[in-house]
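Number of protein chains: 2
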Amino acid sequence: MRGTGGHLATAGFARFRALVEENLLRFLSPEVCPIPTPLRDAMEYALTSGGKRIRPVVLLSSGAAVGGQEKDLLPFACAVEYVHTYSLIHDDLPAMDDDDFRRGRPACHRAFGEAAAILAGDALLTEAFRVMGESPLAGSDPSKAVRASALLARAAGASGMAGGQMMDLRPAAGEKTMGPGGAQASAIEEIDLKKTAALLSAAAAMGGVLGGGTGEQVECLSRYGRALGLLFQITDDILDETGSFEEMGKAVAKDRERGKFTYPAALGMAAAAARAESLRRESLLALSPFGEEAETLRDIVRMVATRRS
Amino acid sequence: MRGTGGHLATAGFARFRALVEENLLRFLSPEVCPIPTPLRDAMEYALTSGGKRIRPVVLLSSGAAVGGQEKDLLPFACAVEYVHTYSLIHDDLPAMDDDDFRRGRPACHRAFGEAAAILAGDALLTEAFRVMGESPLAGSDPSKAVRASALLARAAGASGMAGGQMMDLRPAAGEKTMGPGGAQASAIEEIDLKKTAALLSAAAAMGGVLGGGTGEQVECLSRYGRALGLLFQITDDILDETGSFEEMGKAVAKDRERGKFTYPAALGMAAAAARAESLRRESLLALSPFGEEAETLRDIVRMVATRRS
């Protein structure tokens with residue numbers, strides 16, 4: 004592990020991302036957690052698929068912004084990535100979004116079968132809470148550890164991510180297909196809030212809690228993560244709409260067929276771009292009480308707002 | 004909620020079970036956790052299917068044995084039942100054991116569809132950790148809360164229940180179908196340990212930790228739960244073998260067809276009965292440092308050892 008115990012304030016996105024990559028499998032090593040084959044293979048396959056690691060980086064950057072220590076934050080950052088990875092595995096299942104590919108490779112259930120994929124998702128979700136509960140901070144400062152764990156559980160659970168996925172799979176009749184644009188926008192944003200923004204908001208707030216931030220700082224970080232999450236989802240949807248027909252057209256057509264409506268699909272590209280700009284400002288505004296110690300968090304907003312993939 | 008704050012030492016199985024039944028849905032009430040339809044329906048359907056509630060009762064009884072308070076233990080007891088319920092929902096899925104019925108009612112995925120069932124399991128698992136992390140004890144004594152949460156996560160995760168389910172679905176070639184009886188017995192018991200005993204052992208240890216037991220007491224309770232879990236599984240398998248053809252024969256035939264071998268199926272009824280008797284003694288022996296404050300725990304052994312359903 005690199006730089007353990009060091010201050011995080013000056014570290015940037017790339018360093019945090021590398022730190023996550025280097026440590027992501029460590030908390031599942033056979034000495035710590037003996038996992039039978041093929042469950043381990045399926046879990047490690049899904050974890051090493053080259054994601055952007057934006058959620059754990061947001062946690063580490065938020066912790067840095069309030070003066071936290073790497074060694075305290077890292078297990079929690081990896082736990083957040085486990086939860087995100089579990090959600091991708093389960094979302095791809097035939098009974099859910101039925102996607103055969105994820106980031107250019109066969110989806111977990113295509114590579115290992117449905118049973119192993121379901122269990123790999125279940126196990127990653129569970130191990131996330133094990134890693135947090137067995138972390139050094141859980142021994143030295145259990146109050147922070149238990150608060151961070153509760154934030155993650157609430158964000159990922161029935162009123163958060165799992166609930167959002169349910170709503171996305173079964174849109175309430177008429178809610179998104181009829182009614183004026185404003186009602187559609189609000190219904191879409193409710194799903195985006197649960198499905199995407201809840202976990203990013205929790206990651207930011209967890210960093211704040213674990214790093215020893217004040218209540219006000221944690222609240223600002225939480226608002227930052229919420230706006231960033233909505234921005235992330237809307238830029239994702241805009242990319243889907245503007246992407247090449249070969250790569251993206253099928254996904255959009257599939258979403259429409261299922262009754263899924265994204266912000267740009269429902270309200271048009273101009274409205275989506277305006278909403279994205281408003282969310283970009285909102286996320287930066289939430290950081291206004293912070294100085295240069297939050298520069299990585301601001302960099303993340305710029306990256307997400309201007310991303311091309 | 005009945006008897007909050009009261010001492011548990013004299014309460015028996017029936018009272019603890021009623022306490023769990025009365026409070027199981029409370030931690031998911033709309034004010035605490037707004038859950039979209041049909042996710043809430045699927046979660047509540049699975050939770051109210053009339054199980055024996057043996058895991059949460061073991062937690063409450065273990066807490067009682069070391070002098071714990073009901074109000075501290077109850078959220079954790081319900082969390083353990085959420086985790087057990089999630090495991091049943093996912094085990095019944097077509098890609099897993101493919102069971103259409105559970106306790107005489109349509110399985111969750113038959114009643115609500117596969118997507119809702121997968122998400123209901125995911126959400127119950129996640130909410131278990133939310134309920135523990137937001138419990139009163141997490142505020143007043145976070146060290147105990149975080150230890151109990153970690154015990155549950157380890158028992159349910161990749162090296163525990165989820166790993167056991169993987170091994171049960173994909174028995175290593177030859178491991179259980181060839182070799183002498185002793186090797187078979189040990190392979191079967193390894194699966195039973197992970198699939199069933201880990202969670203019961205964790206429930207007992209969690210009660211000990213949350214109730215303020217000494218390290219030695221927690222260790223005894225953990226051993227008690229482990230033996231009880233193995234006993235529970237072997238009596239289950241014996242009942243399957245001796246049950247009426249109409250009710251049980253199909254399940255056993257299905258298990259055999261899948262390559263699943265239970266203790267009585269692999270080693271015969273006499274060996275299984277002898278092993279059950281040895282586990283019964285082992286579970287009672289683990290309680291020998293305790294006096295009458297552990298009488299409910301002893302009652303549970305008697306109930307499991309002599310059960311007829």
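Chains as they are written, first to last, in the numbering used here: chain R, 4 to 312; chain A, 4 to 312. Cβ atoms here follow ideal geometry from the backbone N, Cα and C, with glycine treated the same way.
- In this structure, A/Lys-198 is the residue among A/Lys-198, A/Gln-187 and A/Gly-142 with its C-alpha nearest to the C-alpha of A/Gly-166.
- Around the beta carbon of R/Met-46, 16 or more other beta carbons sit within 10 angstroms, so the residue counts as buried.
- Among the residues facing chain R, A/Cys-111 is not included, as its CB has no counterpart in that chain under 8 Å away.
- Using a CB distance cut-off of 8 Å, R/Met-170 counts as an interface residue toward chain A.
- Sequence-distant partners of R/Val-61 (beyond 5 residues in either direction) whose C-beta falls short of 8 Å from its own C-beta, in its chain, are Leu-203, Ala-206, Ala-207, Gly-210, Gly-228, Leu-231, Leu-300 and Ile-303.
- The beta carbon of A/Ile-38 falls within 8 Å of a beta carbon belonging to chain R, placing the residue at that interface.
- Rounded to whole angstroms, the separation of the alpha carbons of A/Glu-130 and A/Pro-37 is 12 Å.
- Across the stretch 91-111 of chain R, CB contacts with chain A closer than 7 Å involve His-93, Leu-96, Ala-98 and Met-99, in sequence order along the chain.
- The Cβ atoms of R/Lys-147 and R/Leu-140 lie closer than 8 Å to each other.
- Selection R/Gln-220, R/Arg-20 and R/Glu-24 evaluated against R/Ser-291 yields R/Gln-220 as nearest (Cα-Cα).
- Boundaries of the alpha helix (DSSP H) around A/Gly-232: 218-245.
- Excluding sequence positions up to five before and after R/Cys-81, its CB lies within less than 7 Å of the CB of Val-23, Asn-26, Leu-27, Phe-30, Pro-59 and Val-134, all in the same chain and listed in chain order.
- Across the structure, A/Lys-74 and A/Glu-137 are spaced so that their CA atoms are roughly 13 Å apart.
- At a cut-off of 8 Å between beta carbons, R/Arg-311 makes no contact with chain A.
- Looking at the DSSP output, A/Arg-108 bridges to A/Arg-105.
- The beta carbons of R/Ala-151 and R/Val-212 sit about 5 Å from each other, so the pair counts as a contact at 8 Å.
- By the neighbour-count criterion, in which a residue is buried when 16 or more other Cβ atoms sit within 10 angstroms of its Cβ, A/Leu-76 is buried.
- Taking 8 Å as the upper bound for CB-CB distance, R/Arg-173 and A/Pro-41 are in contact here, some 7 Å apart.
- Contact between A/Arg-105 and A/Ser-52 holds, with the beta-carbon distance rounding to 6 Å and staying under 8 Å.
- Around R/Gly-15, the same chain offers Thr-299 and Asp-302 as residues with beta carbons nearer than 7 Å, after the five sequence neighbours per side are excluded.
- Nearest CB-CB separation between R/Glu-192 and chain A: not below the 8 Å threshold.
- Against chain A, a Cβ distance below 8 Å from R/Ile-121 picks out His-93, Leu-96, Ala-98, Met-99 and Ile-121.
- Residues of the stretch 125-136 of chain A with a C-beta atom less than 9 Å from some C-beta of chain R are Asp-125, Ala-126, Leu-127, Leu-128, Thr-129, Glu-130, Ala-131, Phe-132, Arg-133, Val-134, Met-135 and Gly-136, listed in chain order.
- The Cβ atoms of A/Ala-158 and A/Leu-234 lie no closer than 8 Å to each other.
- Counting only unbroken stretches of 4 or more residues, the alpha helix (DSSP H) elements lying wholly within the stretch 145-172 of chain R are 145-159 and 164-172, in sequence order.
- For R/Pro-145, the closest Cβ of chain A is nearer than 8 Å.
- Here the alpha carbon of R/Leu-270 sits roughly 58 Å from the alpha carbon of A/Asp-240.
- Here R/Gln-187 is not bridged, per DSSP, to any residue.
- Straight across, the Cα-Cα distance linking R/Thr-238 with A/Ala-119 is about 28 Å.
- For the stretch 151-171 of chain A, residues whose beta-carbon sits nearer than 7 Å to a beta-carbon of chain R comprise Ser-152, Ala-153, Ala-156, Arg-157, Ala-159, Gly-160, Ala-161, Ser-162, Ala-165, Gly-166, Gln-168, Met-169 and Met-170.
- Our two residues, A/Pro-267 and A/Glu-222, have alpha carbons roughly 29 Å apart in a direct line.
- Restricting attention to R/Ala-110, R/Gly-124, R/Asp-195 and R/Gly-214, the CA atom closest to the CA of R/Glu-84 is found in R/Gly-124.
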